[in-house]
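Comments concern the structure below.
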């Protein structure tokens, strides 16, 4: 298929996944709900002292965002695998990597983006220092797409297994660690008045790396899973 | 047009078939028969490249086939064991996305395809509310659109009533008359005249 055809398939698949997400509204709210609940319960369970909270807020929000993404990952290919639409995708003349990218983008739009919208509010709730709020948001903006992209590889590898859930976490969490470290660290550094260009550039590098390699790996993994 | 040479396939450590060779010419249908579990679906999946055979080669128009060859996939229409139909989407939306993966299709063409399969009144209701046979028709509506020369159909008549079966049979005959070829699995006789069809029998 030539250029416009592949682009058309990309847009249609993205559109379909967004429509599916809207029709399954219950599942749509799950990651966001998880994120908000963790951020709300933390001050209640640990301490409401703003000083103490401020020191761990970035880490808590980052971990909550990471786990929220992890929880929603299984949906990425599971239903397509079960009802046979994944086969249709694999038999499309369009490059599978492109179709994978459309699905991952849809996943980020329905899980990552709502987390970003909720973050400014939760940052206030968690007493993140004012100077660091923008950094927190920026690190999540750069980091959550990486979580979706890398998660896609794990889901593609485990989608053919009956109980892939635990295996998925084992596969994906180690790959999430660098993103978590740089993301949370940048927020702490900003709060301490240090420059964070280095951490942000690292996150940008992760994003570029994931964007270029993860769809290829995911497509290859799907090919194995569907066999 | 499509030929297979010396195919062998294992599922787990069970041998499904070996030294399987056949050829399908333009205008010809090949029926794959055999008892349940003998590897009919697997054979179809091998032909379209979803599953890799243990050994052997598949040739399309004289060229050996690699998995994911876009020139081959553009010619292929596959209706598999599962319908590939999303239950929360309507037949129209399902057909639209299935076709978008192959080519740009006009809305009016989608409607006439669904009407052809007798889904005129059900175009805009969620597939969840449709019966198994109607969902099968949504999947089969893909065949009426585009110009794939090779059809691979896994039990196309399952769950269909007599009218729908006749429609699908007519679709296949038109396709063959236009110089296409088809490979299908089915337990019943497919009712396509003997000059146009051949069959192979897999044993378990």
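Residue numbers (our numbering), protein chains in the order written: chain A, 358 to 584; chain B, 545 to 748.
C-beta atoms are modelled at their ideal positions from N, C-alpha and C, and glycine is treated no differently.
Fair warning: this is a prediction, and the values are worked out from it, not measured in the lab.
Check	Outcome
CB contact flag (residue 727 (chain B), residue 551 (chain B), <8 Å)	no
Residues that residue 617 (chain B) contacts on chain A, provided the C-beta gap is smaller than 7 Å	448, 449 and 450
Below-8 Å beta-carbon distance, residue 646 (chain B) vs any chain A residue	yes
Environment of residue 724 (chain B) [buried if 16+ CB atoms lie within 10 Å]	buried
Rounded straight-line distance, which links the Cα of residue 720 (chain B) to that of residue 549 (chain B)	23 Å
Neighbour flag for residue 365 (chain A) against chain B, beta carbons, 8 Å	yes
Inter-stretch contact (C-beta, 8 Å, three-pair minimum) for the region 558-575 of chain A and the region 507-515 of chain A	yes
Proximity of residue 495 (chain A) and residue 557 (chain A) at Cβ, strictly below 8 Å	yes
Contact under 8 Å by Cβ, residue 553 (chain B) with residue 560 (chain B)	yes
Where residue 642 (chain B) meets chain A, residues with beta-carbon distance less than 7 Å	445
C-alpha distance - residue 454 (chain A) paired with residue 696 (chain B), whole-angstrom precision	24 Å
Three-state secondary structure (DSSP) of residue 583 (chain A)	helix
Neighbour list for residue 634 (chain B) in chain A, Cβ cutoff strictly below 8 Å	Going along chain A, no residue has its Cβ under 8 Å from residue 634 (chain B), so there is no contact; the nearest lies around 10 Å.
Contacts that residue 560 (chain B) makes with chain A (C-beta to C-beta distance below 8 Å)	Here the premise fails: no neighbours, minimum Cβ distance about 14 Å.
Where residue 377 (chain A) meets chain B, residues with beta-carbon distance less than 8 Å	630, 632 and 633
Residue 568 (chain A) (DSSP reduced to helix, strand or coil)	helix
is_contact[residue 369 (chain A), chain B] using C-beta, thresh 8 Å	yes
Test item: CB-CB of residue 363 (chain A) and residue 451 (chain A) under 8 Å	yes
Between the CA atoms of residue 600 (chain B) and residue 583 (chain A) - distance to the nearest angstrom	20 Å
Touching by the beta-carbon criterion (3+ pairs, under 8 Å), the region 645-653 of chain B and the region 683-691 of chain B	yes
Close beta carbons around residue 745 (chain B), own chain, < 7 Å, minus the five adjacent residues each side	577 and 578
CB contact check: residue 573 (chain A) to chain B, cutoff 8 Å	no
Buried/exposed call for residue 569 (chain A), threshold 16 Cβ in 10 Å	exposed
Paired residues, beta bridge with residue 725 (chain B) - DSSP	B:694
Nearest neighbour of residue 504 (chain A), chosen from A:483, A:489, A:486 and A:560 [CA to CA]	A:560
Beta strand (DSSP E) segments (min. 3 residues) lying fully within the region 608-642 of chain B	620-623
Buried versus exposed call for residue 580 (chain B) [16 or more other C-beta atoms within 10 Å across all chains shown]	exposed
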